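Q: The structure under discussion is supplied below as structure tokens; questions concerning it will follow.
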Amino acid sequence: MRRRTENMSCPRARAVTPTKKGANFAQRLVSLVSEPVFISFQHMLSEPNVFNILGRTHYERWHSCFWGWLLDASGSHLVNDYTLIRFLFLLLDERCLKPSHHNKLGLWQVLPTIQFTEVEVTPNEYSSSEVGVRGVGRFDVYITARYTDGKGLNTRLNAIIELKIDSPPDAEQSRKYADWLLQNHPDDMNLLVYIAPKLSAHSSSTAQDGRWHCLDYQLLNDKLLLPLLDHPQLNSKVRPFIVQYMKNLKNRYKGIKMAITDEETRMAVILYEKYSDVFDSIYDALVATGKIEYTTSEIVPGRRRQSGRIAVKINGKVFCGDTLRHLMEKILRYLVDGGLVLKLALPWATSAQRFVITDAEPPRHPNGKDFFYPIRYRGYVMESHYSRERGIQVLAGLCHNLGVTFERIET
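Sequence positions in the sequence shown follow my numbering and run -14 to 396.
Structure, rendered in structure tokens:
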């Protein structure tokens, strides 16, 4: 009886597939826009916040005031120095770009037991003025405080935080700020923190000065703001303001998206899993008409069409990986170590809109946009932000240009 039940259930389980495949594009598109998750997603992305209403979504001054208030131990958030300590812990995170002298800073050894006193943060909720130094500039956020480790150590911490939104890095500004801080406080613990929507490969290429720790807003959202919302002492009256700031981070400004929320990721994956045919058709049409230049990537896990091992053979050598990015990392190493990359006129491109390999830092496409998902090896950078099929086409074209054989291997 069990076997008969299983046999009878198989046709019913497969019956859904022809219905989906049999529907034309218009029917599937109507189904997508009528999907409750899609409607919720659309509502979430368009919901207003106080920054939108005031028309000041991404002014650097607003960001400075917010972080000055949040990092101030005397702030009305009522969590004391929790945010300041957690912010310092982010400088140890693997996603933080670190300066060359990072490991020499004694702060990291005392951070687990650190105790702050005399914390002064500018700007703060009582004074919106920034600290300015003639001939140097105005610091977005300036922190000075005394700290102990509970074992007799007593010293001073000074920190300059520079927040960028859409303005390019200013090498002279970064150098002046660093020189001033280190020269005027030689006996203190000094930190330089650079916050930007997107980071380059190194601290020196991001801030244009190698003495800065560099963070992005996504890291601040994920590992400081989200945990802060669950803090038992957080003032319930200011919690909505923090939520509004986090919502503002997900709004695009001049093409820049500061952070992606967990809810966005969850909804996007659900929709793509159910309507991948619609999204892929839309994408293919936009690429064919030149409306967009970005391809779908493998950053978000769970995509059916991107799963499974991928392998190719180049000049008789087999390369394989679980993702396109993993495969391209191996191939870039092979091209560099074998000297094949020297045959290319860099930056090398497949079209007038998009570079594939460059030796420039920061790596940018012809239109000035940064590489979206770069792979780096020994001074060379390869863009890996492609769908699987498009990525294979790019690799095939690259090998053809180099005069080496290329073959995709079925796995």
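From the three backbone atoms N, C-alpha and C, an ideal C-beta is built for every residue, glycine too. Only a predicted model underlies this, so the values are computations on that prediction, with no experimental measurement involved.
Which class does Ala130 belong to by DSSP, given the choice of helix, strand or coil?
A: Residue mapping note: residue 130 aligns to position 145 of the sequence shown, counting from 1. In this structure, Ala130 counts as strand in the three-state DSSP scheme.
Q: Is Pro108 buried or exposed, if buried means 16 or more other CB atoms sit within 10 Å of its CB?
A: Start at 1 with the first residue of the sequence shown, and residue 108 comes out as number 123. Buried is the call here.
Q: Could you name the residues of the same chain whose beta carbon sits closer than 8 Å to that of Gln100, not counting the 5 residues immediately before and after it, in chain order?
A: On the sequence shown, residue 100 is found 115 positions in, with the first residue counted as 1. Closer than 8 Å at the Cβ level, and outside the excluded window around Gln100, lie Tyr132, Thr133, Asp134 and Gly135.
Q: What separation, rounded to the nearest whole angstrom, lies between the Cα atoms of Gln247 and Trp197?
A: Taking the first residue of the sequence shown as 1, we reach residue 247 at position 262. Taking the first residue of the sequence shown as 1, we reach residue 197 at position 212. It should be pointed out that residue 247 corresponds to Asp in this sequence rather than to Gln. When rounded, the distance between both Cα atoms is 29 Å.
Q: Would Leu256 and Phe23 be called neighbours here (beta carbons separated by less than 8 Å)?
A: In the sequence shown, counting from the first residue as 1, residue 256 sits at position 271. In the sequence shown, counting from the first residue as 1, residue 23 sits at position 38. A contact, by the Cβ cut-off of 8 Å.
Q: How many Å lie between Arg373 and Ala156 at the Cα?
A: Within the sequence shown, numbered from 1, the residue matching residue 373 stands at position 388. Within the sequence shown, numbered from 1, the residue matching residue 156 stands at position 171. Arg373 and Ala156: Cα-Cα distance of roughly 38 Å.
Q: Specify, as a first and last residue, the run of the beta strand (DSSP E) that Pro359 falls within.
A: The residue you call residue 359 lines up with position 374 of the sequence shown. Here the beta strand (DSSP E) through Pro359 covers Pro359 to Tyr362.
Q: Below 8 Å between beta carbons: does that hold for Tyr127 and Glu147?
A: Taking the first residue of the sequence shown as 1, we reach residue 127 at position 142. Taking the first residue of the sequence shown as 1, we reach residue 147 at position 162. In this structure, Glu147 does not lie closer than 8 Å to Tyr127 by Cβ.
Q: Are at least three pairs of beta-carbons, each pair with one atom in the stretch 329 to 343 and one in the stretch 351 to 369, less than 8 Å apart?
A: Yes, the stretch 329 to 343 touches the stretch 351 to 369.
Q: Are the beta-carbon atoms of Leu75 and Ala58 separated by less than 8 Å?
A: Position 90 of the sequence shown, counted from the start, is the residue given in the question as residue 75. Position 73 of the sequence shown, counted from the start, is the residue given in the question as residue 58. For Leu75 and Ala58, no; Cβs fall outside 8 Å.
Q: Give me the DSSP bridge partner(s) of Arg294.
A: Your numbering for residue 294 matches position 309 in the sequence shown. Paired residues: none, contrary to the question.
Q: Return the chain-ordered ranges of every alpha helix (DSSP H) run that is complete within the stretch 210 to 246 and spans a minimum of 4 residues.
A: Whole alpha helix (DSSP H) segments, 4+ residues: 211 to 214 and 224 to 234.
Q: Go ahead and pull the three-state DSSP assignment for Phe124.
A: Counting from 1 along the sequence shown, the entry for residue 124 is found at position 139. Looking at Phe124 - three-state DSSP - the assignment turns out to be coil, as it is neither helix nor strand.
Q: Using a 10 Å radius around the Cβ and a threshold of 16 neighbouring Cβ atoms, would you call Asn175 buried or exposed?
A: As a working mapping, residue 175 is identified with position 190 in the sequence shown. By the 10 Å Cβ count, Asn175 comes out buried.
Q: Below 7 Å CB to CB, which residues in the same chain sit around Ile394 once its five sequence neighbours on both sides are set aside?
A: Here residue 394 is taken as the residue at index 409 of the sequence shown, counted from 1. Excluding positions up to five away in sequence, the list reads Ala296, Val297, Lys298 and Val303.
Q: Could you give the distance in angstroms between the alpha-carbon of Arg361 and the alpha-carbon of Lys149?
A: In the sequence shown, counting from the first residue as 1, residue 361 sits at position 376. In the sequence shown, counting from the first residue as 1, residue 149 sits at position 164. Approximately 24 Å between the Cα atoms of the pair.
Q: What residue range does the beta strand (DSSP E) around Leu176 cover?
A: Position 191 of the sequence shown, counting from 1, holds the residue named residue 176. Met174 to Ala181 is the span of the beta strand (DSSP E), which, as asked, contains Leu176.
Q: Assuming contact is defined by CB atoms lying nearer than 8 Å, are Glu20 and Ser185 in contact in what I supplied?
A: Taking the first residue of the sequence shown as 1, we reach residue 20 at position 35. Taking the first residue of the sequence shown as 1, we reach residue 185 at position 200. Not a contact, by the Cβ cut-off of 8 Å.
Q: In chain order, which alpha helix (DSSP H) runs of at least 4 residues are fully inside the stretch 48 to 111?
A: The qualifying runs are 67 to 75 and 92 to 95.
Q: If we count the other Cβ atoms within 10 Å of its Cβ and call it buried at 16 or more, is Leu383 buried or exposed?
A: Position 398 of the sequence shown, counting from 1, holds the residue named residue 383. Buried, by the Cβ-count rule.
Q: Do you know offhand how far Phe26's Cα is from Asn220's?
A: As a working note, residue 26 is residue 41 in the sequence shown. As a working note, residue 220 is residue 235 in the sequence shown. So the alpha carbons of these two residues sit roughly 29 Å apart.
Q: Are Cys50 and Ser112 closer than 8 Å when you measure CB to CB?
A: Counting from 1 along the sequence shown, the entry for residue 50 is found at position 65. Counting from 1 along the sequence shown, the entry for residue 112 is found at position 127. No, they are not a contact pair.
Q: Could you tell me which residues DSSP puts in a beta bridge with Cys199?
A: The count along the sequence shown starts at 1 and reaches residue 199 at position 214. Partner(s): Leu82 and Tyr179.
Q: How big is the Cα-Cα spacing for Met243 and Asn233?
A: One-based indexing of the sequence shown puts residue 243 at position 258. One-based indexing of the sequence shown puts residue 233 at position 248. Distance between the alpha carbons of Met243 and Asn233: 9 Å.
Q: Could you name the residues that DSSP lists as bridge partners for Ser336?
A: Numbered from its first residue, the sequence shown carries residue 336 at position 351. Arg339.
Q: Taking the beta carbon of Ala192 as the centre, do at least 16 other beta carbons fall within 10 Å, making it buried, or is it exposed?
A: Residue numbering aside, residue 192 sits at position 207 when the sequence shown is read from its first letter. Ala192 comes out buried.
Q: Can you list, in chain order, the residues of its chain with a C-beta nearer than 8 Å to that of Gly122? Leave out the 5 residues immediately preceding and following it.
A: Translated into positions along the sequence shown, residue 122 becomes position 137. These residues qualify, in order along the chain: Gln158, Lys161 and Tyr162.
Q: Please report how far the alpha carbon of Tyr279 lies from the alpha carbon of Ile377, in whole angstroms.
A: To locate residue 279, count along the sequence shown from 1; it is residue 294. To locate residue 377, count along the sequence shown from 1; it is residue 392. With a pLDDT of 48 at Tyr279, under the threshold of 50, the modelled position of this residue cannot be trusted; read the value that follows with caution. So the two alpha carbons sit approximately 16 Å from each other.
Q: Express the C-alpha separation of Pro351 and Pro154 in angstroms, rounding to a whole number.
A: The residue you call residue 154 lines up with position 169 of the sequence shown. The residue you call residue 351 lines up with position 366 of the sequence shown. Cα to Cα, the separation comes out at about 19 Å.
Q: Given this structure, state the Cα-to-Cα distance separating Ala181 from Gln203, to the nearest angstrom.
A: Within the sequence shown, residue 181 is the residue found at index 196, counting from 1. Within the sequence shown, residue 203 is the residue found at index 218, counting from 1. If I take the Cα positions, the gap works out to 10 Å.
Q: Can you tell me the Cα-Cα spacing of Phe226 and Phe72, whole angstroms?
A: Counted from its first residue, the sequence shown places residue 226 at position 241. Counted from its first residue, the sequence shown places residue 72 at position 87. Going by the C-alpha atoms only, they are around 19 Å apart.
Q: Based on Cα-Cα distance, which residue from Arg294, Leu17, Arg375 and Leu142 lies nearest to Thr102?
A: Sequence index remark: in the sequence shown, residue 102 carries index 117 (1-based). Ranking Arg294, Leu17, Arg375 and Leu142 by Cα distance to Thr102 puts Leu142 first.
Q: Tell me which residues share the same chain as Thr98 and place their Cβ nearer than 6 Å to its Cβ, disregarding the 5 neighbours each side in the sequence.
A: Position 113 of the sequence shown, counting from 1, holds the residue named residue 98. Here the set comprises Asp134 and Gly135.
Q: Considering only C-alpha positions, which residue in the set Asn169, Asn236 and Asn65 is nearest to Met29?
A: Reading the sequence shown from its first residue, position 44 is the one you call residue 29. Selected option, being the one with the closest Cα: Asn236.
Q: Cβ of Arg13 within 8 Å of Cβ of Asp262?
A: As a working note, residue 13 is residue 28 in the sequence shown. As a working note, residue 262 is residue 277 in the sequence shown. Yes.
Q: Just to confirm my understanding: we take Pro286, look at its own chain, exclude 5 residues before and 5 after, and list those with CB closer than 7 Å. What are they?
A: Locating residue 286 in the sequence shown gives position 301, where the first residue counts as 1. Its pLDDT being 38, under 50, Pro286 is placed unreliably by the model, and the measurement read from it follows with that caveat. Excluding sequence neighbours, Pro286 sits near nothing in its chain.
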